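Contents: one structure, followed by commentary.
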Amino acid sequence: VQRTINEGTARTQTLLITCTVLILISAPSLATLMNHQTWEGRAAIGVIAASSLLLLITGRNRREHSARIIPQIGALGLIISALTTSFVTHAIGTHISALILLLLGCAYIAIALIATVREPSALIGWILDVCESLSLILLLPAAVYAAGVFTLIRQVAS
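One gets the numbering used here by counting positions in the sequence shown from 1 and adding 387 to each.
Spelled out as structure tokens, the structure:
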């Protein structure tokens with residue numbers, strides 16, 4: 388039985404690492420699609436926001452420390468890629484973007500410290516479950532629209 392559990396844990400670790408590497412590789416190209424003037428760009432913003440939120444909160448009910456930390460690394464990679472694109476730095480400025488990154492890092496450390504000291508609240512867990520469900524519901528349609536699949540279908544059909 389222990390061998391089966393160890394094999395399952397090894398598969399989970401491999402899958403987590405592989406998916407995180409893919410997220411970190413594709414994050415800069417997804418961040419370049421961000422644009423508030425087109426619907427595809429707005430959908431790309433939604434994909435980054437939903438996937439970052441999902442990756443930040445999805446590992447909270449896992450026992451292994453790496454299963455909690457590795458998805459959060461992917462989320463932080465997405466957030467850093469989004470905040471360092473030319474679209475964001477032109478809109479809010481480089482200094483404000485760096486300040487936001489600094490504040491997000493401090494908030495992440497503070498939340499991690501508070502989470503290790505306090506017992507988890509049922510209300511906070513329920514709110515995080517709702518956020519996770521909404522992110523999963525919105526992620527696929529936003530990703531399909533951001534990829535330009537509807538534009539491709541319309542071009543092929545006409």
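Where is the CB? At the ideal position from N, CA and C, for every residue including glycine.
As the structure is a prediction and not an experimental result, all values here were calculated from the model.
Query, Result
"How many whole angstroms separate the CB atoms of residue 466 and residue 407, which I take to be in contact at a CB cut-off of 8 Å?", "Going by Cβ atoms, the distance from residue 466 to residue 407 rounds to 14 Å, so no, they are not a contact pair."
"On the CB-based measure, 16 or more other CB atoms within 10 Å of its CB, does residue 480 come out buried or exposed?", "exposed"
"Out of 475, 398, 515, 537, which has the shortest C-alpha to C-alpha gap to residue 446?", "515"
"Looking at residue 454 and residue 439, is the spacing between their C-beta atoms short of 8 Å?", "no"
"Considering residue 543, what are the terminal residues of the alpha helix (DSSP H) in which it resides?", "536 to 544"
"Expressed to the nearest angstrom, what Euclidean distance is found between the alpha-carbon atoms of residue 497 and residue 426?", "35 Å"
"CB-CB under 7 Å to residue 415, same chain, minus the five flanking residues each way: which ones, in chain order?", "468"
"Ignore the nearest five residues each way along the sequence and tell me which others in residue 476's own chain have a CB closer than 6 Å to its CB.", "484"
"Would you mind listing the alpha helix (DSSP H) stretches within the region 417 to 468 that are 4+ residues and don't spill past its ends, in chain order?", "426 to 444"
"Measuring only the C-alpha atoms, how far is residue 513 from residue 544?", "44 Å"
"Between the Cα of residue 399 and those of 520, 429, 457, 529, spot the shortest distance and give me the residue it belongs to.", "457"
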